[in-house]
Amino acid sequence: MNIRPATAESIAEGAKILRAGGLVAFPTETVYGLGGDATQGKTVARIFEAKGRPAFNPLIVHVADISWVADLAETEGRFEKLARAFWPGPLTLVLRRRAGCPASELVSAGLDSIAVRMPNHPVALELLRGAQRPLAAPSANASGTVSPTLAAHVATSLGDKVDLIIDGGPCPVGLESAVLDLTQSTAMILRSGVITAEDIARVIGPIDIAREDPAAPKSPGQLASHYAPSLPIRLNATIAAAGEALLGFGATARATLNLSPGGDLKEAAVNLFAMMHALDEPQKFTAIVVAPIPATGIGIAINDRLERAAAPRV
Ligand code: AMP
Ligand code: MG
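My numbering numbers the first residue of the sequence shown as 348 and each following residue consecutively.
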């Protein structure tokens, strides 16, 4: 397995691999990404294969600068405002594909839209600048499992399926980006994140939040069961039965691990996936039970991930 600490050399090596059509896992502020050149169809197909990701679930394309988007998508007023307010940062914007968009159609999974984001992480940005290509980069884990916030999580989940893993330490935000659809006249949140609906509304005015319709999801990736550890999960628990691991929040008594003893939602977001990985030990525990998390602000995104982790699995 090829895993290297983030240095100028390893990032340059990663950029070279990417230009040649290879796959490189790299840190972003949200979670580790499994990156490949979005303009090479074969490479994008390898990303789907490595993750076991359903072909109907489109990928986010990462850019090093707002100016890179003009090539890919039809930009408009709301896009400019939001990108200026939140990029680099954990907000993905879904736009209409431009005619002649160089990104493979596979990244859009057959839709006429494309999702773009500029990550706020020095390693990700240096890699993008080195490669000089937009990078398709879903989370660097097997589809449906707990997201990777450490290079070690990537190594365990994907191992030799990637050509290089760049280790840049723990991801500082820890939850996937919010996804906002700008293809309709009313902007709509497709996936919640640490940038909240209120944050976005302050910049562009009132927006909608997608209601789940499992038959026709607005964001094809919003599957009911996702982020699932191997152990069963139970939510809104205050005590654990013998053998269960208790993931606490705030003043939870006798927690096995605590997302944030002080009740800070931002800290809980950073710790969520790493603690789910740490407690996912079938030899030691029978289930992971999670204390109630307030469903306000960042808590909305945390509860979204927990509900999918706890959903019946397919
Ligand atoms: P992931 O790559 O696992 O972080 O997931 C990316 C998320 O963005 C999924 O929920 C996708 O369905 C969503 N997404 C990506 N591209 C599009 C698009 N063109 N339209 C709508 N949702 C998208
Ligand atoms: Mg994912």
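All residues carry an ideal CB built from backbone N, CA and C; glycine is no exception. Since we're looking at a predicted model, the values are computed, not measured.
Item: L409 (DSSP reduced to helix, strand or coil); Value: For the record, residue 409 in the displayed sequence is His; it is not Leu. It is a strand residue.
Item: Closer than 8 Å: G568 CB and nearest ligand 4 heavy atom; Value: This structure lacks ligand 4; its bound ligands are ligand 1 and ligand 2.
Item: R538 Cβ short of 8 Å to ligand 1 heavy atom set; Value: yes
Item: Rounded C-alpha distance that separates I542 from G436; Value: 9 Å
Item: P485: CB within 8 Å of a non-hydrogen atom of ligand 2; Value: yes
Item: Cβ neighbour criterion (16 or more within 10 Å) applied to T439; Value: buried
Item: Three-state secondary structure assigned by DSSP to E376; Value: coil
Item: Alpha-carbon spacing of I513 relative to L578, whole angstroms; Value: 28 Å
Item: Anticipated Cβ contact below 8 Å, P374 with V470, distance rounded; Value: 5 Å
Item: Proximity winner among N404, R393 and D459, relative to L419 (alpha-carbon distances); Value: D459
Item: Member of I640, M622 and L604 whose CA lies at the smallest distance from the CA of G610; Value: I640
Item: Endpoints, the beta strand (DSSP E) within which V526 is located; Value: A525 to D528
Item: Under the three-state DSSP convention, the category L453 falls into; Value: helix
Item: Sufficient close CB pairs (3 or more, under 8 Å) joining the segment 582–600 to the segment 626–646; Value: yes
Item: The segment 371–386 / the segment 515–522 touching (three or more Cβ pairs under 8 Å); Value: yes
Item: T386: CB within 8 Å of a non-hydrogen atom of ligand 1; Value: no
Item: Alpha-carbon spacing of T530 relative to G516, whole angstroms; Value: 35 Å
Item: beta-carbon P405 near ligand 1 non-hydrogen atom, thresh 8 Å; Value: yes
Item: Pairwise C-alpha distance: A487 and D384; Value: 15 Å
Item: Own chain residues within Cβ distance below 7 Å of P567, not counting five before or after; Value: F403, N404, P405 and A456
Item: Cβ-heavy atom distance, S532 to ligand 2, below 8 Å; Value: no
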